[in-house]
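**Q** Once you've had a glance at the structure underneath, I'll fire off some questions.
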Amino acid sequence: MKKALLFPGQGSQVVGMGLEMANQYAAAREVFEEVDSALNEKLSAVIFHGPQNILTMTENAQPAIMATSIAVLRVLETELGFKVSDYANYVAGHSLGEYSALCAAGALSLTDTARLLRIRGKSMQAAVPVGRGAMAALIGADFDLAEQIAKDAAQDEICCVANDNAPGQIVISGARTAVERAIEIAKSKGVKRAIMLEVSAPFHCPLMAPASGVMSEALGAAKFMAPVVPVVTNVTASAESDPEILRRLLVDQVTGMVRWRESMQFLKKNHISRVVEIGAGKVLCGLVKRIEADMEAFNVGTPADMEAFAKVE
28 MKKALLFPGQ GSQVVGMGLE MANQYAAARE VFEEVDSALN EKLSAVIFHG
78 PQNILTMTEN AQPAIMATSI AVLRVLETEL GFKVSDYANY VAGHSLGEYS
128 ALCAAGALSL TDTARLLRIR GKSMQAAVPV GRGAMAALIG ADFDLAEQIA
178 KDAAQDEICC VANDNAPGQI VISGARTAVE RAIEIAKSKG VKRAIMLEVS
228 APFHCPLMAP ASGVMSEALG AAKFMAPVVP VVTNVTASAE SDPEILRRLL
278 VDQVTGMVRW RESMQFLKKN HISRVVEIGA GKVLCGLVKR IEADMEAFNV
328 GTPADMEAFA KVE
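The working numbering applies: residue 28 is where the sequence shown begins, and numbers increase by one.
As structure tokens, this is what we get:
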């Protein structure tokens with residue numbers, strides 16, 4: 028059976044994630060301690076105890092979600108003898124989760140990943156003045172319809188598809204006024220639901236260009252190694268292993284669309300029959316079921332999840 032590991036993105040954060048793992052396993056504690064040291068602050072205290080509004084800040088949520096994923100992975104490695112290179116044929120992550128995937132596959136060190144995600148979170152937040160940008164979910168719209176809605180709504184402003192998450196679950200991003208127009212157009216075209224998302228910036232659209240520049244410099248200075256398994260990237264929805272290509276695609280990802288539906292279809296075409304979501308929540312498992320219903324999907328984020336996973340493996 029061919030398998031892939033998946034790593035969640037922003038929105039999966041919840042106060043207390045990873046706490047049970049850290050309480051029970053030294054390997055998890057060491058990950059959170061290393062991330063704290065890399066950032067020179069106790070991010071782990073915010074992860075474990077909140078408050079939620081501080082954890083949800085983009086600059087905190089991004090390294091926090093990654094830290095939780097890698098803490099879970101390290102426990103799997105130490106307690107179950109799990110090896111990414113032996114278990115998985117591919118790794119993939121949703122938006123910031125691509126950094127977690129790269130770290131899991133040995134392409135980036137944990138310290139560098141934490142620092143890059145802190146820079147990424149800050150630069151994405153700073154790219155657009157608060158209130159000027161927005162994102163909306165178009166529930167029930169297919170990709171072609173969502174793309175047309177965004178195009179019709181733009182009217183000399185930025186409005187485009189940011190996340191092609193699953194059939195009937197598309198996210199658009201851009202100038203707030205354009206996104207508001209898109210919601211009205213979507214309703215007129217019979218889209219089931221069109222709702223503004225509670226996000227702090229319009230991610231994955233050309234308005235993020237200033238953050239692209241910041242990330243180009245930060246990623247250029249980071250040490251990239253060849254991953255132990257190929258990474259299915261958001262920008263290409265195909266597998267990459269060349270460190271320089273992976274570095275460049277992370278820059279492109281800041282303004283580029285998250286091609287998650289196509290990424291899961293790529294896995295299916297390459298005979299992946301089981302995916303395991305590592306870290307907080309099970310959002311990606313839900314998306315997989317909407318994209319490829321016959322693909323087995325498991326999530327591992329707690330000691331209980333790990334016990335259940337050990338039984339199926």
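The beta carbon of each residue, even a glycine, is placed where N, CA and C say it ideally should be.
1. Quick check on Ile81: buried or exposed, where buried means 16 or more other Cβ atoms within 10 Å of its Cβ?
2. List the whole-angstrom C-beta distance separating Cys187 from Cys130, where the pair is believed to meet the contact cut-off of C-beta under 8 Å.
3. Which first and last residues belong to the alpha helix (DSSP H) in which Phe59 is found?
4. How about Ala177: is its C-beta nearer than 8 Å to some C-beta of chain C?
5. Would Pro78 be called buried (16 or more neighbouring beta carbons within 10 Å of its own) or exposed?
6. Does the distance from the C-beta atom of Val99 to that of Ile318 stay below 8 Å?
7. Give the single residue among Thr105, Glu125, Ala164, Glu68 whose Cα lies nearest to the Cα of Gly195.
8. In three-state terms, what does DSSP make of Ile305?
9. Closest to Gly26 by C-alpha separation, out of Leu33, Lys29, Met28, would be which residue?
10. Within its chain, find whatever has a CB closer than 6 Å to the CB of Ser96; leave out the 5 residues flanking it on each side and keep chain order.
11. Exposed or buried, which one is Asn87 when buried takes at least 16 other CB atoms within 10 Å?
12. Could you pull out every unbroken alpha helix (DSSP H) segment of at least 4 residues lying fully inside the segment 239-294, listed in chain order?
13. In terms of residues, what are the limits of the alpha helix (DSSP H) holding Cys312?
14. Between Pro270 and Met252, how many whole angstroms is the CB-CB distance? I'm expecting something under 8 Å.
**A** Put simply:
1. The residue labelled residue 81 in the question sits at position 54 within the sequence shown. Exposed: under 16 other Cβ atoms inside 10 Å.
2. As a first step, residue 187 must be located in the sequence shown, where it is residue number 160. As a first step, residue 130 must be located in the sequence shown, where it is residue number 103. Contact doesn't hold; Cβ gap of about 29 Å is too wide.
3. Looking up residue 59 in the sequence shown gives position 32. Counted as a single uninterrupted DSSP element, the alpha helix (DSSP H) harbouring Phe59 occupies residues 53-66.
4. Chain labels in this structure do not include chain C; a single protein chain is all it has.
5. By 1-based counting over the sequence shown, the position of residue 78 is 51. Under this definition Pro78 is an exposed residue.
6. In the sequence shown, residue 99 corresponds to position 72, counting from 1. In the sequence shown, residue 318 corresponds to position 291, counting from 1. It is not a contact, given that the beta carbons lie outside the stated cut-off.
7. Stepping through the sequence shown from its first residue, residue 195 is reached at position 168. That would be Ala164, whose Cα lies nearest to the Cα of Gly195.
8. In the sequence shown, counting from the first residue as 1, residue 305 sits at position 278. In the three-state DSSP reduction, Ile305 falls in the strand class (E or B).
9. What is shown of the chain runs 28 to 340, which leaves residue 26 out entirely.
10. By 1-based counting over the sequence shown, the position of residue 96 is 69. Answer for Ser96: Phe34, Ser127, Ile305, Gly306, listed in chain order.
11. Taking the sequence shown and counting its residues from 1, one reaches residue 87 at position 60. By the 16-neighbour rule on beta-carbons within 10 angstroms, Asn87 is buried.
12. Listed in chain order, the complete alpha helix (DSSP H) runs (minimum 4 residues) inside the segment 239-294 are 270-282.
13. Residue 312 sits at position 285 when you count from the first residue of the sequence shown. Looking at the DSSP string, the run of the alpha helix (DSSP H) that includes Cys312 is 310-318.
14. For this step, residue 270 is matched to residue 243 along the sequence shown. For this step, residue 252 is matched to residue 225 along the sequence shown. Contact flag correct, Cβ pair sits at about 6 Å.
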